[in-house]
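Heads up: the structure comes next, in C-alpha cells.
Rendered as C-alpha cells:
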C-alpha cells in the first residue's frame, strides 16, 4: 500500500512549497495544481474557474447558502461547486494507486484515511503570511495589508468549512495531525530537510502498522 | 545570550522524556525536577508537597478559589501556592545564566520571553497517554482507566490555567509554539533525534535574530 503524506496549510504559510520540497527529498509524487488540471480534463470547466470555485467553498455562492436553501434550491455556482468537489474527491482517492505521494489540501487527510496518511499542518503568524503572499504575488497585484489579511482569512475560513464537513477533527486542530510546523519568519528550504527526516519516523511507523495489520 | 528551549506538554505525552533526550543530544542543561529541588532548598516545604501544590494550580485550594475569594481571604493552601509559584518563577528566570538549557513546563516559555526561546508543545491522543502513564506508574498504583483519564484531564486543566494567567497564547494553542509534536503510539527515543535536528534550524534562526538585534 502506498505511503501518503497530506499537507494542510494556512494560506500564505508556505505549505505548498514545503510539500513540493518534501516530495523532491523523499522521492514521492506531488499533487496540488495537478488535481485542478485533472478536474479540467474530466469536466467542461476551465482551470481558473475550478480553482476559484473550489477555493471559495460551498459558502462562496453568489447568494448566501442559507438564503438559497431557504428557497429550497441551489444557485448555479453551488451546483457547479458540488460537481467539481465530487470530481476532485474521486481524483484524490485514486492518486495513491500511482505510488507514494504528497497531497496538498483537498481534504486528502480524510479522503485517504484508509492509507493511514502522515498528516502535517503548516501555519504561521499573520505578518509572516502577508509577507509571503507579497513575495509570491503577480506584479500587477496591489493589495493593501488590510485587503491581503481579509483575503487570507476568507480563504482559510473556506478551507476550514470544507474540511470540517468531512473530518472528525477540525481543520488546524493539532490533535488531527502528526506534526504542526510553524513557518513564521522561516525559510521553507531550510525547514524541508528536517521535516523530511522527521516524517520518515512516522512513515516507518505507519508501514509497520500496515504490516502488522496484514499479518494479523 | 543562552539558547533556551521550552517544552510544554500534556500529562502522559512523554514530553519530559523528550526534553531529557533532547538535552542529551544537543548538549544542553535540562531542568524539570531540578526546579522542585531548588525551591525546596529556598523554602521550608518538602519536595513532594511543592510538586503537588504547584501541579494543582491556584484552583487546587481545599476550598474553591471562588468561595474563598467571596469571603475576601486566601486559604493557607492558596497562600503557599503563591509563595511557591513566585519562588519557582525566580528560579526559572535565573536558569539561562548557567548556559543553554531545556526547561520542561513551569511557564518557562513566557517567563523567559526575552531569550526568544524555541517553544515545543508535546501532545498525544488520550489512549496513548493512558498507556504511557501505566508504563511509568509505581507498582502500587492501581487506577482504573476512568480514574487515570480524570487525573490527566485535571492536571492538564491546572497547567492550562496557570500558563494562561501569564502568556499571550493559550496553553496548547499551536500559534504559541514553533513545533507541535504528536507522540501518539510513538517511541520517544525514535522521535528525539529528528526533533533535535528540527530544533537546530530554529536555534540557528534565533541566534541570527539575536546577532542582528545586537548589531543594530
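Residue numbers (my numbering), protein chains in the order written: chain L, 767 to 982; chain S, 767 to 982.
Even glycine gets a Cβ: it sits at the ideal position worked out from N, Cα and C.
Residue pairing by DSSP places residue 775 of chain S opposite S:888 in a beta bridge. By the beta-carbon neighbour count (other beta carbons within 10 angstroms, threshold 16), residue 911 of chain S is exposed.
Taking all protein chains shown into account, residue 776 of chain L has 16 or more neighbouring C-beta atoms within 10 Å of its C-beta and is therefore buried.
Here residue 853 of chain S is not near residue 801 of chain S, since their CB atoms are 7 Å or more apart. Put simply, of S:780, S:770, S:865 the residue whose alpha carbon is nearest the alpha carbon of residue 902 of chain S is S:780.
Between residue 964 of chain S and chain L, the shortest Cβ-Cβ separation is below 7 Å.
In this structure, the alpha-carbon of residue 810 of chain L lies about 57 Å from that of residue 914 of chain S. Boundaries of the alpha helix (DSSP H) around residue 820 of chain L: 813 to 822.
Contact annotation: residue 881 of chain L and residue 770 of chain L have beta-carbon atoms nearer than 7 Å. Beyond the five residues adjoining it in sequence on each side, residue 885 of chain S comes within less than 6 Å, by CB distance, of 772, 875, 943, 944 in the same chain, given in chain order.
For residue 952 of chain S, the chain L residues whose Cβ falls inside 8 Å of its Cβ are 967, 968, 971, in order along the chain.
Contact annotation: in the region 862 to 887 of chain L, no residue has its CB less than 7 Å from a CB in chain S. Here residue 932 of chain S carries a coil assignment [DSSP, helix/strand/coil]. Distance from the CA of residue 864 of chain L to the CA of residue 855 of chain L, rounded to the nearest whole angstrom, comes to 16 Å. By the criterion of a C-beta distance shorter than 8 Å, residue 940 of chain L is surrounded in its chain by 887, 946, once the five residues flanking it on both sides are discounted. Only buried fits residue 862 of chain L, as 16 or more other CB atoms lie within 10 angstroms of its CB. The beta carbon of residue 895 of chain L does not come within 7 Å of any beta carbon belonging to chain S, so the residue lies off that interface.
Among the residues facing chain L, residue 948 of chain S is included, as its CB has a counterpart in that chain under 7 Å away.
Scanning L:978, L:872, L:878 for the CA closest to the CA of residue 817 of chain L turns up L:872. Residue pairing by DSSP places residue 964 of chain L in no beta bridge whatsoever.
From the beta-carbon of residue 944 of chain S, the residues of chain L found nearer than 7 Å are 948.
Using a 10 angstroms sphere on the CB of residue 929 of chain L, the tally of other CB atoms reaches 16 or more, which defines it as buried. Bounds of the alpha helix (DSSP H) holding residue 786 of chain S are 781 to 792. For the region 792 to 812 of chain S, the beta-carbon criterion of a distance under 7 Å to any beta-carbon of chain L is satisfied by none of its residues.
In this structure, the CA atom of residue 847 of chain S is about 9 Å from the CA atom of residue 822 of chain S. Less than 7 Å divides the Cβ of residue 956 of chain S from the Cβ of residue 967 of chain L. One finds 967 in chain L with Cβ atoms closer than 7 Å to the Cβ of residue 957 of chain S, taken in chain order. Look at residue 861 of chain L here: in three-state DSSP terms it is helix. The criterion of a C-beta distance shorter than 7 Å is satisfied by residue 870 of chain L and residue 798 of chain L. Secondary structure of residue 899 of chain L (DSSP, three-state): helix. Cβ neighbours of residue 899 of chain S within its own chain (closer than 6 Å, five residues either side excluded): 778, 914.
At a cut-off of 7 Å between beta-carbon atoms, residue 940 of chain L makes contact with chain S. For residue 960 of chain S, the C-beta contacts it makes with chain L under 8 Å involve 960, 963, 964, 966, 967, in order along the chain. Between residue 767 of chain S and residue 975 of chain S the beta-carbon gap is near 11 Å, outside 8 Å, which marks them as no contact.
The residue among L:969, L:951, L:905 with its C-alpha nearest the C-alpha of residue 788 of chain L is L:969.
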